[in-house]
Amino acid sequence: MVQTYRHKMFALMFLYALYVSFSLAGLHNCANATAALVTLSGSVFLFQTARRASSFSFIWYSLSAALFAWFIGDLVWTIVGCASSDPQNVIALYYVYILPGLCILSALVYLSVRGRRQWARLQFLADILAIFMSVLGFAYFFFFPDHFLLLISFDPLQISTFVYLVTDLLIITLALTVYLSLKPFAIPRYVLASFLGLILFTGGDLLYIYIFLGGQYVPNSLSDILSLAGLTAIASGGILYTVRPVPFFSTDRDTVSFRAVINRSIILIAIPLIAIALKPGRIEQVGYFAIIILLHQLLTHFFRGLIVRDMEISQHERQKTLLEAVIQERTRELRVMNQTLENLIKRDAITSLFNRKYFMEYTEEAIETAGDDDRVWMLLLDFDRFKSINDLYGHDVGDQILRVIGRRLDGLSGEQTVVARLGGDEFGVVAFRPKEESISRLIQNVLKQYDEPVRIGAFSIHVSVSIGVSVWPDDASTRSDLMRHADIALFVAKKNHFSSTAFFDRATNIIIARKNQIDLGLKKAVIATEFCLVFQPQFSAGSNRLVGMEALVRWDSPEMGIVPPDEFIPIAEENGFILPLSEWIFRNAMQKIAVWNTTYGKNLVMGINVSPIHLEDGNFLSTFNAMLAEYRVDPSWLNLEITERFAMTEDAYIVTLFDRLGEMGVKTSIDDFGTGYSSLSYLKRYSIDYLKIAKQLIDGVSTNDTDFQLVQAIISMATVLSLRTIAEGVENEDQYRALEKLGCDEIQGYYFGRPIDGDEFEELHLKE
22 MVQTYRHKMF ALMFLYALYV SFSLAGLHNC ANATAALVTL SGSVFLFQTA
72 RRASSFSFIW YSLSAALFAW FIGDLVWTIV GCASSDPQNV IALYYVYILP
122 GLCILSALVY LSVRGRRQWA RLQFLADILA IFMSVLGFAY FFFFPDHFLL
172 LISFDPLQIS TFVYLVTDLL IITLALTVYL SLKPFAIPRY VLASFLGLIL
222 FTGGDLLYIY IFLGGQYVPN SLSDILSLAG LTAIASGGIL YTVRPVPFFS
272 TDRDTVSFRA VINRSIILIA IPLIAIALKP GRIEQVGYFA IIILLHQLLT
322 HFFRGLIVRD MEISQHERQK TLLEAVIQER TRELRVMNQT LENLIKRDAI
372 TSLFNRKYFM EYTEEAIETA GDDDRVWMLL LDFDRFKSIN DLYGHDVGDQ
422 ILRVIGRRLD GLSGEQTVVA RLGGDEFGVV AFRPKEESIS RLIQNVLKQY
472 DEPVRIGAFS IHVSVSIGVS VWPDDASTRS DLMRHADIAL FVAKKNHFSS
522 TAFFDRATNI IIARKNQIDL GLKKAVIATE FCLVFQPQFS AGSNRLVGME
572 ALVRWDSPEM GIVPPDEFIP IAEENGFILP LSEWIFRNAM QKIAVWNTTY
622 GKNLVMGINV SPIHLEDGNF LSTFNAMLAE YRVDPSWLNL EITERFAMTE
672 DAYIVTLFDR LGEMGVKTSI DDFGTGYSSL SYLKRYSIDY LKIAKQLIDG
722 VSTNDTDFQL VQAIISMATV LSLRTIAEGV ENEDQYRALE KLGCDEIQGY
772 YFGRPIDGDE FEELHLKE
């Protein structure tokens, strides 16, 4: 507000100074055009003030109309002047310039009448009459005694000049009367500026009349400069009112105090004294002013008594009115504070968009008010790889990107569309649409906001977004289901590819629901009672000698029953459950192999699948060594099976980990070899003992020539690299014979035995 007020004041002062400069330089067309700009700007500012004014808006509208009328006159004057004609020959213009004075006069009359008590109004009228007669006498005796007959002639120019004079005298009278009735130390700045403008305006007008009647008027001379200065000051008063809109009557009119009587008496005496001092007159001048002063004093004495009595009776009412005004002001301030607080509650701090809370409330309301032919669409937006942007450029740049994208998306907001930031890099859009209207156009508009790169300082960053879409009532009947299904669609979109849009599908919902069920089941699962280990034997090819076994985990959920490992292991890796589960697997597997090898004098090898999450734990090796010591396990009895994808990771930590395990004597295997990124590079880089050939290749080794050749190539490569091979998933004799022929070292699969629990394994494979 303060900045706007200063800008407006500066603009007015600058334009007025420019007008004065053009006038003094004799550039009349430029001066006329600039004068039009001054009054047009002032009129607009006063109109804005009138619209904001809680009371007395009529005054500001009238003053705005006065400046606008002057603007029209100056505009026509400028056009005529630019057309190489003399504007002074356009008679209609003189009547246009009457309108500003009449508008100002109407504002003063309104101000003089409104709110004044009955007896105070009579006193006020007496003051007006006395001051007007004094001012009129002053004007007649000093300015116009030689031209008075011209003023009352029927010539159009003289008639307009006569109206100017009467209007100006009335303005001066009302302005002085109103101003003298105010407390001098409680007058707001906007009142001072406005009254100064009235004096300057009427002074310029009177000077114009005087020199015009003398045939000496020159456009853009001192009279015009004074008149425009007055209009500029009036406009400044309107601007000041918007900064501190104190009600006009809050200054308390002073009509009956001794000081007020003295002030008005001084004015009435000062006017004739100034007239006589400037132009010594005859005895009729003294008599004229003396009669006015005497009559005014008699009326004042009479009305003063009536006013005092009336003021005493209504003192309580005035106090009540003042209190109500204070209460209204405090209420307004409280309303503003409440609105600010409500915005803080509804808005996101970084992007200034609506926040998650309001987003859900609006969605709920939209669903409640929607009819049978309406649809409520929900779009959930999530940046692709936003974490990498934060990691690369820093979180400050990330926040600035959110602000830029937020401003772009805010452009899509409307009466039936709400955009919100839900948290992190996730945004939400709720759109209320008729049933027959497609949502594709809105989706395209959303995607367009991400097309243009975001420029932050020296960086130009491209961001993409994935969108999940659901619609009420087709996909959900409640707000929570609508949001959950949009989130499911977003999950599918992010799995597909970047800048993807996915609509909710109920088949996908079944998959996600199953995943959520497993996730919830894992989080509350008791490992010791719900999980168990089973063991599948591994035999040497050719000799059919038992060389080891693989430990496999099984989950029997109380709610879901038997859950396959390929379902719950990936979810356990996502939610962190894999760490305590892996530790439990290691302890039980180590305990079994230690007991079996010690009891039966064997040197069997226990294969244990290791999750990449477990390997990346910084405490893996120390915990692993502690368990070796606790269960007295020879490291050579263990074979840690690692996925090929994890082995492909080019990380110094992984290389060191394989080296340490090799130094300890622990065997390592690459599991499911042949289905992923099979490469010689990492086989040469790491200390690996086994390649476990994937079941997908073993299935066709005896029937498919391509699979046969692939398995042959893997075994040959392993032989060259001094690695042993284990074929998993061997289910029939033909597969076994083919692998035996190819030189595979070890066999694992249903052909030799299914995974069974420890007691059964011991009874079937260890006891002779």
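FYI, the working numbering numbers position 735 of the sequence shown as 756, with every residue one higher than the one before it. For glycine and all other residues, C-beta sits at the position ideal for the given N, C-alpha and C.
field: Of the residues Tyr772, Leu129 and Val397, the one placed nearest Ala562, counting alpha carbons only
entry: Tyr772
- prompt: If we count the other Cβ atoms within 10 Å of its Cβ and call it buried at 16 or more, is Cys124 buried or exposed?
  reply: By the neighbour-count definition (other C-beta atoms within 10 Å, threshold 16), Cys124 is a buried residue.
Residues near Phe92 by beta carbon distance below 7 Å, same chain, minus five either side: Ala57, Thr60, Leu61 and Ser64
Environment of Gly445 [buried if 16+ CB atoms lie within 10 Å]: Exposed, since its Cβ has fewer than 16 Cβ neighbours within 10 Å.
- prompt: Ile691 and Ile663: beta carbons closer than 8 Å?
  reply: yes
task: Return the first residue and the last residue of the beta strand (DSSP E) that Glu594 is part of.
output: First-last for Glu594: Pro586 to Asn596, but that is the alpha helix (DSSP H), not the beta strand (DSSP E).
- prompt: Taking the alpha carbon of Phe453 as the point to measure from, which residue in Ser257, Leu197, Ala86 and Tyr383 has its own alpha carbon closest?
  reply: Tyr383
query: Taking contact to mean at least 3 C-beta pairs separated by less than 8 Å, is the segment 471 to 480 in contact with the segment 488 to 502?
result: With the rule of 3 Cβ pairs closer than 8 Å, the segment 471 to 480 does not count as touching the segment 488 to 502.
query: Should Gln559 and Val568 be called a contact, given that it needs their Cβ atoms to be closer than 8 Å?
result: yes
message: Using DSSP's beta-bridge definition, name the partner residues of Tyr711.
response: Ser690 and Arg745
query: According to DSSP, is Ile768 helix, strand or coil?
result: It is a strand residue.
Continuous alpha helix (DSSP H) stretch holding Thr60: start and end: His49 to Arg73
- request: Check each candidate in Leu88, Ala534 and Leu400 and name the one with the smallest Cα separation from Ile119.
  value: Leu88
query: Just curious, the alpha helix (DSSP H) that Glu382 is in, first and last residue?
result: Arg377 to Thr390
task: Closer than 7 Å by C-beta to Ser181: which residues in its own chain qualify, once you throw out the five before and the five after it? Chain order, please.
output: Closer than 7 Å at the Cβ level, and outside the excluded window around Ser181, lie Tyr115, Tyr116 and Ile119.
query: Between the Cα of Val440 and the Cα atoms of Asp417, Phe598, Arg377 and Glu458, which residue gives the shortest distance?
result: Arg377
- prompt: What's the call for Cys103, buried or exposed, on a 16-neighbour Cβ count within 10 Å?
  reply: The residue in question, Cys103, is exposed, as its Cβ has fewer than 16 Cβ neighbours within 10 Å.
task: Please classify Ile208: does DSSP put it in a helix, a strand, or coil?
output: DSSP places Ile208 in coil when its eight states are reduced to three.
task: Just tell me which of Glu580, Gln465 and Ser85 has its CA closest to the CA of Gln538.
output: Glu580
message: Assuming Ala805 and Ala214 are in contact, meaning their beta carbons sit under 8 Å apart, how far apart are those beta carbons, in whole angstroms?
response: Since the first residue shown for the chain is 22 and the last is 789, residue 805 is missing from the structure and cannot be characterised.
query: For Ile193 versus Leu126, is the C-beta spacing smaller than 8 Å?
result: No, the pair does not count as a contact, with Cβ atoms beyond the cut-off.
task: Starting from the C-beta of Tyr711, find all residues in its chain whose C-beta is less than 6 Å away, skip the five residues before and the five after it, and write them out in chain order.
output: Cβ within range, chain order: Ser690, Arg745 and Ile747.
Sheet register partners of Phe524 (DSSP bridge): In DSSP, Phe524 forms a bridge with Val490.
query: Would Gln421 be called buried (16 or more neighbouring beta carbons within 10 Å of its own) or exposed?
result: buried
message: Considering only DSSP beta bridges, list what Arg27 is partnered with.
response: In the DSSP assignment, Arg27 is bridged to no other residue.
- request: State yes or no: is the C-beta of Trp576 within less than 8 Å of the C-beta of Ile614?
  value: no
For Ser434 and Ser133, the rounded distance between their alpha carbons: One alpha carbon belongs to Ser133, the other to Ser434, and they sit about 49 Å apart.
query: Distance, Cα to Cα, Trp398 vs Gly750?
result: 49 Å
message: Can you find the residues in the same chain that come closer than 8 Å, C-beta to C-beta, to Met30, ignoring five residues on each side of it along the sequence?
response: Only Ser257 and Ile260 meet the Cβ criterion.
- prompt: Is Leu197 buried or exposed, if buried means 16 or more other CB atoms sit within 10 Å of its CB?
  reply: buried
- prompt: To which residues of the same chain is Pro240 closer than 7 Å at the C-beta, ignoring the five residues directly before and after it?
  reply: His49
- prompt: Exposed or buried, which one is Ile112 when buried takes at least 16 other CB atoms within 10 Å?
  reply: exposed
query: If Leu401 and Gly449 are in contact, beta carbons under 8 Å, what's the gap, nearest whole angstrom?
result: 6 Å
message: By alpha-carbon positions, which one of Ser498, Pro494, Ser521 and Phe525 ends up nearest to Asp508?
response: Phe525
- prompt: In the DSSP assignment, what are the bridge partners of Met570?
  reply: Pro558 and Met627
field: Residues near Ile634 in its chain [Cβ-Cβ closer than 7 Å; skip 5 each side]
entry: Glu594, Ile599 and Leu600
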